[in-house]
Structures are given as C-alpha cells and as structure tokens.
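Residue numbers for the sequence shown follow UniProt numbering, so the first one is 6 and each next one is one higher. Right, one structure below, let's go through it.
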Amino acid sequence: VLRRSFSTTSSRNVIKNVTVIGGGLMGSGIAQVAAQSGNNVTLVEVNADILKKAEASIATNLGRVAKKLYKEDPNAAKKFVEEASSRIKGSTDPSEAVKDSDLVIEAIVENIGIKHKLFKSLDEAAPPKTLFASNTSSLSIGEIASVVKRKDKFGGLHFFNPVPVMKLLEIVRIPEQSEETYQAFVAWGKSIGKTCVTCKDTPGFIVNRLLVPYIAEAVRMLERGDASPRDIDTAMKLGAGYPMGPIELADYVGHDTTLSILQGWHDKYPDNPLFVPCDSQRQLVQEKKLGVKTGEGYYKYNK
Ligand code: 3HC
Numbered sequence: 006v007l008r009r010s011f012s013t014t015s016s017r018n019v020i021k022n023v024t025v026i027g028g029g030l031m032g033s034g035i036a037q038v039a040a041q042s043g044n045n046v047t048l049v050e051v052n053a054d055i056l057k058k059a060e061a062s063i064a065t066n067l068g069r070v071a072k073k074l075y076k077e078d079p080n081a082a083k084k085f086v087e088e089a090s091s092r093i094k095g096s097t098d099p100s101e102a103v104k105d106s107d108l109v110i111e112a113i114v115e116n117i118g119i120k121h122k123l124f125k126s127l128d129e130a131a132p133p134k135t136l137f138a139s140n141t142s143s144l145s146i147g148e149i150a151s152v153v154k155r156k157d158k159f160g161g162l163h164f165f166n167p168v169p170v171m172k173l174l175e176i177v178r179i180p181e182q183s184e185e186t187y188q189a190f191v192a193w194g195k196s197i198g199k200t201c202v203t204c205k206d207t208p209g210f211i212v213n214r215l216l217v218p219y220i221a222e223a224v225r226m227l228e229r230g231d232a233s234p235r236d237i238d239t240a241m242k243l244g245a246g247y248p249m250g251p252i253e254l255a256d257y258v259g260h261d262t263t264l265s266i267l268q269g270w271h272d273k274y275p276d277n278p279l280f281v282p283c284d285s286q287r288q289l290v291q292e293k294k295l296g297v298k299t300g301e302g303y304y305k306y307n308k
C-alpha cells in the first residue's frame with residue numbers, strides 16, 4: 006500500500022488550461038513556468054494595476070530564462086518570450102477565469118478564511134473536470150479543501166522561490182485525493198520541467214519543515230551574538246555548500262512569509278522550541294523591512 010501511494014507515474018499530461026489565482030512572487034512564477042511550457046494560462050488578481058505589475062515581472066523573468074536558453078540566438082530568445090507572454094491572459098474575475106480550466110492553482114494570501122471563500126466560489130464556478138491545488142506553504146491542504154465538494158480532485162502543488170529556477174515541486178496528498186488526480190499532478194509537474202516529490206499533508210511538507218527551523222536557528226544564533234550575519238552566511242555557503250546562507254535566504258524569502266509560517270506552527274505546536282518565532286524577525290516585519298522585496302531586512306539592498 007505504501008509503495009503504491011508513493012509511486013511515481015508515466016501517465017501523459019492531460020492539463021492544458023491553467024488558472025493561477027494570485028500574481029505575487031509565487032503566482033507570477035507559476036504562471037510563467039506554465040506558459041513557457043505550452044499551457045494556456047489565466048492569471049487572476051484583484052485589480053488591473055496589480056496584474057500589470059505581475060505581467061511586467063513575468064516579462065523580465067522570461068527574458069532571463071530566454072537569455073539562458075538561447076545564448077547565441079537573440080531572435081529565438083525574442084520568439085520564446087513573445088510566445089510565452091501571448092499564452093498568459095490576465096483576469097480580475099476568478100469565477101470567469103476557471104470556466105474552461107483543467108487546473109486551478111491558488112497562490113493568494115495565507116489566510117484560511119480568505120482561501121475558503123475563494124475555493125467555495127470556484128467549486129461552484131468550475132466544471133467538474135477541473136483539478137484544484139493550493140501553493141500554500143503554511144496551511145493544511147486538508148483544511149483548505151474542507152469547503153469544496155471535489156476533495157478527490159484537490160491537492161497541494163508547492164513551488165519554490167524563484168519558481169523559474171528551482172527545480173522542485175512538492176505534491177501534497179490528502180486521503181480523499183484520487184489516484185487519477187495524483188497522477189495528473191505528477192504528469193503536469195514533469196511536463197513543466199519540475200522534479201516532483203510526494204508528501205503527506207504535514208506542517209511544512211518536506212522542504213519547509215527542514216528549512217524554516219534552520220533559518221530560525223540561524224536568526225537565534227545572530228540574536229545571541231554568536232556570529233555576524235555575514236559570517237553565518239559565509240559559513241553555511243562554504244562549509245555546507247548551500248547556494249545562499251540562512252540570513253540572506255530569510256531576506257530573500259521575505260520575513261512576513263517565514264514569520265507567518267513559524268507563528269502558525271507555534272500556535273498549533275506551542276511545545277516545539279524549533280517553531281518559536283524570532284524577536285528580531287518580528288521587529289523587522291513591524292518596521293516593514295521584509296527583506297529583498299522591500300529593500301531591507303537583515304541586509305540592505307539597492308532597489
Ligand atoms: N527568474 C528567472 N531566472 C532567474 C530568476 C528568476 N526569478 N532568478 C535568478 N534567475 C537565474 C539568473 O538569470 C541566473 O541565470 P544564469 O545562470 O544564466 O546567469 C541564475 O538564475 C542564477 O542567478 P544569479 O546569478 O542572479 O544568482 P545566484 O547564482 O546566486 O542564484 C538563486 C540565485 C537561484 C536564487 C540561488 O542563490 C539559490 O538557489 N538560492 C536558494 C533559493 C532557495 O533556497 N529557495 C527556496 C526558498 S523556500 C521557498 O521558496 C518555499 C516557500 O514556501 C517559502
């Protein structure tokens with residue numbers, strides 16, 4: 006039974022029309038990789054201004070990918086960007102945007118009430134075939150799915166920042182998820198060039214369960230004054246082979262994100278010392294110094 010439920014697949018991808026709800030850092034990245042792999046993508050945001058910003062960031066990042074893929078051929082690079090961009094359309098109406106969707110991926114704010122409201126209305130608006138997924142990094146997939154009727158068609162598709170570069174996709178199962186849905190998620194994940202791993206619906210899935218406590222431990226080390234931020238980062242890059250040190254990674258992911266993950270886990274598991282939110286991170290969030298995206302976190306960045 007264990008082997009069967011964790012098996013990989015050789016099924017063919019059947020997903021072609023993808024709706025991404027939320028055009029932030031993660032949602033834009035997901036829309037981009039889906040479009041550059043040939044999917045028709047509808048990206049949903051709350052207003053036209055935010056959609057415009059998301060589209061601009063996708064255009065920049067598509068340019069970076071194209072440059073890498075077609076180093077010697079600027080015309081092919083241009084064509085790649087144009088074709089991928091033409092497969093993405095914006096929308097401010099989630100119900101309309103799922104009308105012909107094979108897969109909906111939600112990447113909105115980490116608030117269970119807001120996610121419930123969204124999925125409830127999508128469940129009514131989307132055709133029966135549509136699969137639903139959440140890119141949540143801190144909430145339970147089962148809890149999010151509790152408001153929809155199509156629990157057999159629900160799962161977690163958890164991407165990593167920067168989405169166009171990071172090769173991993175975590176596929177999160179819930180007990181009600183059908184084998185067919187799981188196989189469709191795996192086939193689609195492969196079709197967009199990701200390596201898929203399968204995990205249960207436990208806090209942090211695989212990566213964040215290990216990465217977030219590691220980041221918090223590094224911040225606590227800094228708070229104790231055991232070493233400077235630079236030296237902690239240099240140590241983990243050169244001593245453990247990580248591409249970024251934990252303090253710069255915390256700035257990169259965003260302190261609002263890691264703090265909300267820790268806070269959620271701490272509320273649920275108050276006795277686990279690894280999940281205690283860090284004071285200095287709380288302070289940074291209060292001061293709106295969220296890291297790279299606001300120009301300052303533990304380090305300063307030129308915007
Ligand atoms: N879109 C497209 N391409 C991008 C990109 C983006 N957003 N960001 C970087 N790249 C490309 C660059 O163009 C560059 O391409 P090249 O090799 O052809 O020059 C390549 O990626 C490397 O980028 P840089 O040269 O700018 O910098 P680095 O070599 O330092 O790499 C990094 C940057 C890929 C971010 C690397 O430092 C890294 O892997 N860091 C760790 C990231 C990580 O751990 N992410 C997971 C965070 S946890 C998470 O997301 C879960 C969530 O739930 C919280």
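We put the beta carbon where it would ideally sit given N, CA and C, even for glycine. These figures come from a predicted structure and were not determined experimentally.
| Check | Outcome |
| --- | --- |
| For I55, which option in G32, N66, S126 has the closest C-alpha, if you only look at C-alpha atoms? | G32 |
| With burial defined as no fewer than 16 other Cβ atoms inside 10 Å of the residue's Cβ, what is the status of V6: buried or exposed? | Residue confidence for V6 is low, a pLDDT of 47 falling below 50, so the modelled location carries little weight; the figure read from the coordinates is stated next. Result: exposed. |
| Identify the residues that DSSP records as bridge partners of I26: which are they? | V49, E111 |
| Hey, is the stretch 176-184 in contact with the stretch 226-242, meaning 3+ C-beta pairs nearer than 8 Å? | no |
| In this structure, how does DSSP classify A36 when only helix, strand and coil are distinguished? | helix |
| Give the DSSP-derived three-state secondary structure of I179 in the structure shown. | coil |
| Taking the alpha-carbon positions, what's the I237 to D98 distance? | 45 Å |
| Just to check, is the beta-carbon of M171 closer than 7 Å to a non-hydrogen atom of the ligand 3HC? | yes |
| Is K242 near the ligand 3HC, going by C-beta to nearest heavy atom under 7 Å? | no |
| In or out: V114 buried (at least 16 other Cβ within 10 Å) or exposed? | exposed |
| Reducing DSSP to helix, strand and coil, say where V170 ends up. | coil |
| Beta-carbon separation of S42 and G198 under 8 Å? | yes |
| Helix, strand or coil for A131? Go by DSSP, reduced to three states. | coil |
| May I ask you to report which of helix, strand or coil DSSP gives V6? | Low per-residue confidence applies at V6: pLDDT is 47, beneath 50, and the placement is therefore not dependable, though the value from the model is reported in the following sentence. Looking at V6 - three-state DSSP - the assignment turns out to be coil, as it is neither helix nor strand. |
| Apart from the five residues on each side of it in sequence, which residues of its chain come closer than 6 Å, Cβ to Cβ, to F165? | M171, L173 |
| Is the closest heavy atom of the ligand 3HC to the C-beta of M66 under 7 Å? | What sits at residue 66 in the sequence shown is Asn, not Met. True, at least one ligand heavy atom lies under 7 Å from that Cβ. |
| Would the beta-carbon of V290 fall within 8 Å of that of H260? | yes |
| Under the three-state reduction of DSSP, which class applies to S139: helix, strand or coil? | strand |
| Which of the three DSSP states is assigned to F85 in this structure? | helix |
| Could you check what DSSP says for L264 in three-state terms: helix, strand or coil? | helix |
| On the DSSP bridge list, what partners appear for L162? | I176 |
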